[in-house]
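Below is one structure; the comments refer to it alone.
Residue numbers (the working numbering), protein chains in the order written: chain L, 1 to 244; chain W, 1001 to 1294.
Encoded structure:
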């Protein structure tokens, strides 16, 4: 057994030596791929969405070679800090708790409203059972609101919980919910008032990666300045979305 | 894939499904079946190898070797799989990178651990930051194979250890009486006869291994359960040409059929192996076979 492990280690050590030199660093962009319109997998199996467009444009402006990587939401921060990819661009709101572990660029999506969606009118979202995705700002908000929180690993499951009656309502980003409500032919509806949450969506980076963060920050500033970011926001989120 | 797929809204049911089931995401779904089968094909023999070495070590006459074998079995069997899968893979990856870091970048002065961050020099990254995505995925896949093999190897070691003890003592005594050495007795008498005792335990492990493949997603490999969940989820017409409701039930039903079919085939094959191994053995099964033939 020991020999096998040593053998594998030796193999792993020598593999890739040949590529050690050569062209510049590729920046690996980590995303979830399950949160339209921010990021999702399109019919061809590629990562698509608002963040794909923004990310590609940012990389072009910062003159970086970028590659897209999928990772599930639960382990998206641990895999960033252990170096499996270099950025998180996954609709992640800037919060103080996350800022202690990783760094954020300035926001490329203005602070958003979250909203409650239920299967029937008149649900009391302050005392009922409310679904939210694990480790999101919405889950944190529900936990403190007095409602009973049920958490799910993916956004899809939070909606399914409302449809099958497991939860009275779901709290999520309004932009994620709008297409689902529109196409549910009346089965789902917005209830209560929108809740302003979080400090906008930014790109997450390792705290030790200050240089890369400055590059992306500058690129975001230039996209805000010439209006390309607004164009993309309207393309993916519609005319009535907030712009810069 | 087909020429008529450019506008799915106009198609009939059959045409729509033929386009839907052959689009790019579904190809990734089908590919994940190959991944799972490949994982099983590689992991099973490697785990059996680990198990054999573990069993040999734990019955060794050399004390430290025995401790190693027993320790391996006890520790890996005792730790919950999910904790092992979450912790071990990141640790293994960081161990490889740290070792490479020590060898390749002796002049590097910054600490490897900075707060939460694990930082090695760019040359030590595994795979390198510049390598294409498929290399990252292959590397992840091999980390998964090593992890699966280590976990299932410990269980296999325990099964084989028991099987080696189950071989009737007179068989070994006879071998010794013929003047065989310790090594000869082990390879010529003990090992060929132990498989019949080991097979029921090993076949259990094989079945559990088949069903444990969804743990792959914990290791960052996109397996069939991940894709079934992803593809079955509600799709709205804004983001796909093939909108549909929550179809996860159908996708999971398909997985159910796949897993049941696969385990059934395994059962049939294992039954045949059992018949073959029982032949001529001093067990109740072997005796029954002899009587039936006579």
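The C-beta atom is built at its ideal place from N, Cα and C for all residues, glycine as well.
The residue among 1202(W), 1161(W), 1235(W) and 1244(W) with its C-alpha nearest the C-alpha of residue 1045(W) is 1202(W). For the C-beta of residue 1114(W), the chain L residues within less than 7 Å are, from N- to C-terminus, 208.
The residue among 101(L), 60(L), 196(L) and 120(L) with its C-alpha nearest the C-alpha of residue 1115(W) is 101(L).
One thing to note: residue 1101(W) has its Cβ within 8 Å of the Cβ of residue 1112(W).
Contact between the stretch 25 to 39 of chain L and the stretch 83 to 92 of chain L is present: 3 or more CB-CB pairs across the two stretches fall below 8 Å.
The stretch 61 to 135 of chain L contains, as complete alpha helix (DSSP H) runs of 4+ residues, the segments 76 to 81 and 96 to 101 (chain order).
Inter-residue distance for residue 115(L) and residue 128(L) is about 15 Å (C-alpha atoms, whole angstroms). In this chain, the beta strand (DSSP E) harbouring residue 151(L) covers 148 to 152.
Residue 1275(W) and residue 1198(W) have their alpha carbons spaced roughly 13 Å apart. For secondary structure counted as the beta strand (DSSP E) over 3 or more consecutive residues, the stretch 201 to 228 of chain L holds these complete runs in sequence order: 201 to 205.
Boundaries for residue 158(L): no beta strand (DSSP E) harbours it, while the alpha helix (DSSP H) harbouring it runs 155 to 163, taken from the DSSP string. Taking 7 Å as the Cβ-Cβ cut-off, the stretch 1004 to 1036 of chain W approaches chain L at 1023, 1024, 1025, 1027 and 1028, given in chain order.
Taking 8 Å as the cut-off, the Cβ atoms of residue 1163(W) and residue 1207(W) do not count as close. Collapsing the DSSP output to three states places residue 35(L) in a strand. Fully contained in the stretch 1221 to 1286 of chain W are the following alpha helix (DSSP H) runs of length 4 or more, in chain order: 1224 to 1232 and 1248 to 1278.
From the beta-carbon of residue 82(L), the residues of chain W found nearer than 7 Å are 1090, 1094 and 1118. If you check each beta-carbon in the stretch 1144 to 1177 of chain W against every beta-carbon of chain L, the ones closer than 7 Å belong to 1146. Leaving aside the five residues that flank residue 143(L) on each side, the residues in its chain whose CB is nearer than 8 Å to its CB run, in chain order, 149. Three or more beta-carbon pairs separated by less than 8 Å link the stretch 151 to 160 of chain L to the stretch 124 to 140 of chain L, which places the two stretches in contact. Around the Cβ of residue 1002(W), a 10 Å sphere holds fewer than 16 other Cβ atoms; the residue is exposed. Within chain W, the residues 1116 have their CB atoms less than 7 Å from the CB of residue 101(L), given in chain order. Rounded to the nearest angstrom, the Cβ distance from residue 1213(W) to residue 1036(W) is 5 Å, consistent with a contact under 8 Å. Taking 8 Å as the threshold, the shortest C-beta distance from residue 159(L) to chain W falls below it.
For the set 171(L), 50(L) and 216(L), the Cα lying nearest the Cα of residue 103(L) is the one of 216(L). Its chain contains 39, 40, 41 and 42 as the residues whose beta carbon lies nearer than 8 Å to that of residue 48(L), once the 5 sequence neighbours on both sides are disregarded; these appear in chain order. When the beta-carbon positions are compared, residue 1066(W) and residue 1158(W) stay at least 8 Å from each other. Contact annotation: the stretch 66 to 73 of chain L does not touch the stretch 156 to 170 of chain L, with fewer than three C-beta pairs closer than 8 Å. Between residue 234(L) and chain W, the shortest Cβ-Cβ separation is not below 8 Å. Interface criterion met: the Cβ of residue 25(L) is under 8 Å from a Cβ in chain W. Separation of the CB atoms of residue 208(L) and residue 1219(W) is rounded to 25 Å, and the pair is thereby denied contact status at 8 Å. For the stretch 173 to 194 of chain L, the beta-carbon criterion of a distance under 7 Å to any beta-carbon of chain W is satisfied by 179, 180 and 183.
Per DSSP, residue 1170(W) is one residue of the alpha helix (DSSP H) stretching across 1169 to 1177. Sequence-distant Cβ neighbours of residue 1232(W) in its own chain, meaning closer than 6 Å and more than five residues away, are 1247, 1248 and 1251. CA-to-CA, the gap between residue 1069(W) and residue 178(L) works out to about 58 Å. According to the DSSP secondary-structure assignment, residue 41(L) is paired through a beta bridge with 47(L). One Cα belongs to residue 1286(W), the other to residue 1280(W), and the distance between them is close to 6 Å.
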